[in-house]
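Asks:
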Amino acid sequence: MDDMDLVTNLSAKRQVVRLLLVIILSGVVDSSLRYSVREELSKGSVVSNIASDLGVDPGLLSNGGARIVCEGAQQYFQVNTKTGVLLVNERIDREGICGQTDHCLLYFQLVIENPLQLYRAEVEILDVNDNSPTFPQNEIVISVPEHAPPGTKFSLERAQDLDVGNNAVQNYMISSNEYFRLDVHNVNDQGKRAEIVLLKQLDYEKTRNVMLQLTAVDGGEPRRTGTAVVQIIVLDINDNPPVFNQSVYKVKLLEQNTINYVALKVTATDLDDGPNGDITYAFSHILESHRGIFRLNNTTGEILVAEPLDFEDTSIYQMEVQAKDGGGLITYSKVVIEIVDVNDNAPEIILTSVRSPLPEDSSPQTVVALLNVKDRDSGGDGDIRCTVVTHQPFRLMSSFKNFYRLVTEGRLDREKIAEYNITITATDDGSPSLSSTAVIRVQISDVNDNPPLFSKTLYTMQIMENNKPGALIGSVLATDMDSAPNAQVSYSFFGKKVKDFPMSHFFIVNSDSGNVYAVRPLDYEEFKEFTFLVQARDSGTPPLSSNTTVKLYIIDQNDNAPTLLHPSPKDSSFSAEIVPNNADVGYLVSKVVAVDADSGQNAWLSFHLQKVSDQSLFSVGLHTGEIRTIRKMTERDNTRHTLIVVVKDNGQPSLSTTATVKILAAETFSGHHLETVHKENVEEFDSNLTMYLIIALATVTFLFLASIILLLTLKAYKIRKANHFGVVDQNVPNSHAVSFRANYLGSLARGTIHQGYFGDVQPRVESFSCELRQEDPNKTTVYGRNEHSGLNPSLIDFNNTNEFLQDHQPAANAIPPSHSSYQRVQAILTRPMSTDWQEG
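Residue numbers (the numbering used here): 889 to 1728.
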């Protein structure tokens, strides 16, 4: 017993020295951490301070999201990120992990997410004496011939102990008896073997069997034991045990061999005859986990494969086969079966960390994922090549053997590709080679790198004037290739004012939909079109924007009735057109001049006679407004005529106004003659007509006198301000007076005046005298003089005024030569002027 204690102490000291060497060398070899820990430690047991071992601040582990990734399904370790202490995460059973392997190693990686770092570590699992020795059978039966001489040895089955090293079986003991002693031997790498030695010859007639207790003792602290009963059966004369033809049988098998394949055959012979020479085979010393892998034919000695072989599970099987003859003699032989690896395992890809989503503006060499690959096969079959399959802006960089970083290569664009499925292929060097793939799904997150883009660079819109406030005009649309919120677009007006008013005074744009609405009714006569910019701005940081041009046309509406210029509604009742009482057919009596503030066909005017005193004598030009004689005038015709002319525009619906034209037939143009004619014609009318004429004359006279007084008053007020005849005042609206100039006269001759020439204008009121000279019967000339401005007399030729005008109306003939120029000038031009005319 003292010897056993000494051996145990020496083994314990060697184990401590080995542990110290592992700890000392753990920071020297490679760049990996190395630790050693006893099995069966409780969860939460401290292994070491990994932060201190790595020389890093524990705050890096906490802030960086550090975690332990063990190789395999079980996570045996964990790290306290606050203190950096490495802890046992779950119970570790060395025997379950490594079996009978002397050195049991576990590997894990410490992964720090931010910044991405990887440290590799290995932990040696130290055996503790947690398993007692056990015998394959509770009772060992040994047959001993009675003639066996003293000194005959009988081998005993070894006890099995799942522990290794000093914790395995170190010694055997047997109960005290007079026939046998126990010898224990070291058998190379097979450990201790026990055998009993016969001390004195047995006598079958005196002793039929002997019962012994066999005890196996391991070297752990505390020691553990296992017992079995050895039953010695005394046989009658069988003095030749079986003999194997080989002491050790070795064979190599491919792991892909099928079930029932004959691995090998053992053979033993016995020199005895009869039943004592009949041999049966049986497994004698085999691990329980290996017992089902092979099957032994007890008569032929053939060992067959019972279950599929896997090199990656167990690469070598060791067992003993016993040969027992009919007399009970047993001989043992060792069988070693080596499994030859074949390339039957594809590489395994393990993703340690994946960064997703990934910003599209990530710089090249940005780490996307960490991964490692492994192959359970050995040799060249386990050498692995790892590549990215598809052509994508990513590549693999090797950190150290079988560990890789997936990094970006080139720029990313989410608008082109928003998500990548990166296929990683790992291929071994076996023959044939095997491969496996893993798909890493990486989403690309958006960065505001695209401005909104309008569908058009120029939007053309239109709206009818006099619209209702809030009327929808049109819509603009901009799209952004980015994603929300970088793609959320808002619309607004950009710059430019109209008559010192911002665009919001006239229009608004919906910031969400891009719809453009009118704020107030629009007037074509004030604004015919608008041009403005609309800006689209996204919600990114910083925001991006773009502009588009909107051209808005106001559509004219027939909302203005024609306005009379001649005869003016303000003319005196005594104003009349004078024609010779012998005027021929087609004589130009007068011309109705009107203008329409609208445009296009809404300003096309037509003239119609609504009422006339003699329908057979006068007609009006449909488009010119010229009043001409239909037939030759005679002395029997009335000398006074009243015509009501309706002026209509071409709008829908049509608007109109009426003009009253008075015509007086006379032989001469003097005022005295007019009075005479008037007196003479009065007697020709009946009493009712005379009464109507008297009332009309009185009314016209009153209105005429009132107009003269008003005009003289205005003249006295404005003569102080004016320096030139015909100054235009743009600020006085709805005035139908015009300056005395060629534009007006030309338009007068054609029947209409364009809106551009006759708008809101006001004439200067000055004393003006005219002379009408009829030097030629076919030409009428008016000489004018401005008494205040001192201008030279100006000559106005009514027969050539068409040369100076442009008009939207249908073409009209120029005023033909006539004697009615005097009346037109009197009715239109001289209302504020002197009424004294002289005949030339």
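Using N, Cα and C, we set each Cβ at its ideal position, and we do this for glycine too.
1) For valine 1223 versus valine 1154, is the C-beta distance shorter than 8 Å?
2) Taking only the alpha-carbon atoms, compute the straight-line gap between asparagine 1680 and lysine 1603 and give it to the nearest angstrom.
3) Could you pull the DSSP bridge partners for glycine 1362 from this structure?
4) I need the straight-line Cα distance from valine 1011 to valine 1261, nearest angstrom please.
5) Over what stretch of residues does the alpha helix (DSSP H) that includes cysteine 992 continue unbroken?
6) Kindly indicate which residue of Met1099, Lys1439 and Gly1513 has the alpha-carbon position closest to the one of threonine 1548.
7) Relative to the C-alpha of histidine 991, which candidate in Thr969, Val1052, Leu1365 and Thr1219 has its C-alpha closest?
8) Is it buried or exposed, proline 1021, if we count other Cβ atoms within 10 angstroms and call 16 or more buried?
9) Whose CA, out of Glu1001, Pro946 and Val1473, lies closest to the CA of serine 1504?
10) Is the beta carbon of lysine 1439 sitting closer than 8 Å to the one on glutamate 1417?
11) Can you tell me which of the three DSSP states lysine 1606 falls into?
12) Within 10 Å of its beta-carbon, does phenylalanine 1042 have 16 or more other beta-carbons around it, so buried, or fewer, so exposed?
13) Contact defined as beta carbons within less than 8 Å: I believe isoleucine 1207 pairs with isoleucine 1237. What is the distance between those atoms, to the nearest angstrom?
14) Alpha carbon to alpha carbon, how far is glutamate 927 from valine 934? Give it in angstroms, no decimals.
15) So what does DSSP say about glycine 1114, is it helix, strand or coil?
16) Among residues of its own chain, excluding the 5 on either side of isoleucine 1028, which ones have a beta-carbon nearer than 8 Å to its beta-carbon?
17) If the criterion is Cβ atoms closer than 8 Å, does the pair glutamate 1307 and asparagine 1338 meet it?
18) Just curious, the beta strand (DSSP E) that arginine 982 is in, first and last residue?
19) Please return the same chain residues whose Cβ sits closer than 8 Å to the Cβ of glycine 952, not counting the five positions on each side in sequence.
20) Classify histidine 1529: buried if its beta carbon has 16 or more other beta carbons within 10 angstroms, exposed otherwise.
21) Pick from Thr1202, Val967, Leu1152 and Arg1524: whose alpha carbon is nearest that of threonine 1188?
22) Between the Cα of isoleucine 1443 and those of Arg1425, Gly1488 and Tyr1475, spot the shortest distance and give me the residue it belongs to.
23) Between the region 1343-1357 and the region 1402-1410, are three or more C-beta pairs nearer than 8 Å?
24) My understanding is that asparagine 1290 touches isoleucine 1272, with C-beta atoms under 8 Å, so please give their C-beta distance in whole angstroms.
25) From the DSSP output, read off the bridge partner residues of glutamate 1083.
26) Cutting at 6 Å between CB atoms, please list the residues of its own chain near methionine 1391, excluding the five before and the five after it.
27) For serine 1319, is the classification buried or exposed, using 16 other Cβ atoms within 10 angstroms of its Cβ as the cut-off for buried?
28) Check this for me: beta carbons of alanine 1009 and serine 920, under 8 Å apart or not?
29) Does DSSP classify methionine 1369 as helix, strand or coil?
30) Roughly how far, in whole angstroms, is the beta-carbon of valine 1136 from the beta-carbon of isoleucine 1225, given that I think they are within contact range, below 8 Å?
31) Whole angstroms is fine: what's the gap from aspartate 1400's alpha carbon to arginine 955's?
32) Identify which residue in Ile980, Glu959, Val957 and Leu993 has its Cα closest to the Cα of tyrosine 923.
33) Could you tell me the distance, in whole angstroms, from the CA atom of isoleucine 1518 to the CA atom of threonine 1601?
34) Just to confirm, does asparagine 1074 get its C-beta within under 7 Å of one of the non-hydrogen atoms of the ligand PLP?
35) Grouping DSSP H, G and I as helix and E and B as strand, with all else coil, what is methionine 1391?
36) Along the alpha helix (DSSP H) that carries aspartate 941, what are the first and last residues, could you check?
Replies: Looking at the coordinates:
1) As a working note, residue 1223 is residue 335 in the sequence shown. As a working note, residue 1154 is residue 266 in the sequence shown. Yes, the pair counts as a contact, with Cβ atoms nearer than the cut-off.
2) Locating residue 1680 in the sequence shown gives position 792, where the first residue counts as 1. Locating residue 1603 in the sequence shown gives position 715, where the first residue counts as 1. Residue placement at asparagine 1680 is poorly supported in this model, since its pLDDT is 34, which falls under 50; the coordinates still yield a value, given next. Rounded to the nearest angstrom, the two C-alpha atoms are 21 Å apart.
3) Mapped onto the sequence shown, residue 1362 falls at position 474. Paired residues: Val1404.
4) On the sequence shown, residue 1011 is found 123 positions in, with the first residue counted as 1. On the sequence shown, residue 1261 is found 373 positions in, with the first residue counted as 1. When rounded, the distance between both Cα atoms is 20 Å.
5) Taking the first residue of the sequence shown as 1, we reach residue 992 at position 104. Note, cysteine 992: premise wrong, no alpha helix (DSSP H); not H, not E.
6) Here the question's residue 1548 lines up with position 660 in the sequence shown. Ranking the options by Cα distance to threonine 1548, first place goes to Gly1513.
7) Here residue 991 corresponds to residue number 103 of the sequence shown, with the count starting at 1. Among Thr969, Val1052, Leu1365 and Thr1219, the Cα nearest to that of histidine 991 is on Val1052.
8) For this step, residue 1021 is matched to residue 133 along the sequence shown. Buried, since its Cβ has 16 or more Cβ neighbours within 10 Å.
9) In the sequence shown, residue 1504 corresponds to position 616, counting from 1. That would be Val1473, whose Cα lies nearest to the Cα of serine 1504.
10) Locating residue 1439 in the sequence shown gives position 551, where the first residue counts as 1. Locating residue 1417 in the sequence shown gives position 529, where the first residue counts as 1. In contact: lysine 1439 and glutamate 1417 (Cβ atoms closer than 8 Å).
11) Stepping through the sequence shown from its first residue, residue 1606 is reached at position 718. Lysine 1606: helix per DSSP, three-state reduction.
12) Position 154 of the sequence shown, counted from the first residue, corresponds to residue 1042. It counts as buried.
13) Here residue 1207 corresponds to residue number 319 of the sequence shown, with the count starting at 1. Here residue 1237 corresponds to residue number 349 of the sequence shown, with the count starting at 1. It is worth fixing the name first, because residue 1207 is methionine in this sequence and not isoleucine. Incorrect: roughly 37 Å between the Cβ atoms, too far for contact.
14) Counted from its first residue, the sequence shown places residue 934 at position 46. Counted from its first residue, the sequence shown places residue 927 at position 39. Distance between the alpha carbons of valine 934 and glutamate 927 is about 13 Å.
15) Taking the sequence shown and counting its residues from 1, the one referred to as residue 1114 is at position 226. It is a strand residue.
16) The residue you call residue 1028 lines up with position 140 of the sequence shown. Leu1044, Glu1045, Leu1102, Ala1116, Val1117, Val1118 and Gln1119.
17) Counted from its first residue, the sequence shown places residue 1307 at position 419. Counted from its first residue, the sequence shown places residue 1338 at position 450. It is not a contact, given that the beta carbons lie outside the stated cut-off.
18) For the purposes of this step, residue 982 is identified with residue 94 of the sequence shown, where counting begins at 1. Counting along the chain, arginine 982 falls outside any beta strand (DSSP E), though it belongs to the alpha helix (DSSP H) covering 982-986.
19) Counting from 1 along the sequence shown, the entry for residue 952 is found at position 64. Ile1000, Glu1001, Asn1002, Pro1003 and Gln1005.
20) Numbered from 1 along the sequence shown, position 641 holds the residue referred to as residue 1529. Histidine 1529 comes out buried.
21) As a working note, residue 1188 is residue 300 in the sequence shown. Threonine 1188 has its Cα closest to that of Leu1152, out of Thr1202, Val967, Leu1152 and Arg1524.
22) Walking along the sequence shown from the start, residue 1443 turns up at place 555. Here the closest residue by C-alpha is Gly1488.
23) yes
24) As a working mapping, residue 1290 is identified with position 402 in the sequence shown. As a working mapping, residue 1272 is identified with position 384 in the sequence shown. Right, the Cβ-Cβ distance comes to about 6 Å (below 8 Å), so this counts as a contact.
25) Translated into the one-based positions of the sequence shown, residue 1083 becomes position 195. Bridge partners of glutamate 1083: Ser1043 and Asp1071.
26) In the sequence shown, the residue the question calls residue 1391 occupies position 503. Correct list, in chain order: Phe1381 and Phe1420.
27) As a working mapping, residue 1319 is identified with position 431 in the sequence shown. Result: exposed.
28) As a first step, residue 1009 must be located in the sequence shown, where it is residue number 121. As a first step, residue 920 must be located in the sequence shown, where it is residue number 32. Closer than 8 Å, so yes.
29) Mapped onto the sequence shown, residue 1369 falls at position 481. Looking at methionine 1369 - three-state DSSP - the assignment turns out to be coil, as it is neither helix nor strand.
30) Your numbering for residue 1136 matches position 248 in the sequence shown. Your numbering for residue 1225 matches position 337 in the sequence shown. So it is not a contact: roughly 12 Å between Cβ atoms.
31) Residue 1400 sits at position 512 when you count from the first residue of the sequence shown. Residue 955 sits at position 67 when you count from the first residue of the sequence shown. Going from the Cα of aspartate 1400 to the Cα of arginine 955 covers about 47 Å.
32) Sequence index remark: in the sequence shown, residue 923 carries index 35 (1-based). Of the listed residues, the one whose Cα sits closest to tyrosine 923 is Leu993.
33) Position 630 of the sequence shown holds residue 1518. Position 713 of the sequence shown holds residue 1601. For isoleucine 1518 and threonine 1601, the distance between alpha carbons rounds to 42 Å.
34) Summarising the ligand content, the structure contains no ligands, and the ligand PLP is consequently not present.
35) Against the sequence shown, residue 1391 aligns to sequence position 503. Note: methionine 1391 maps to helix in three-state DSSP.
36) Along the sequence shown, read from residue 1 onward, the residue named residue 941 stands at position 53. Aspartate 941 -> alpha helix (DSSP H) spans 938-942.
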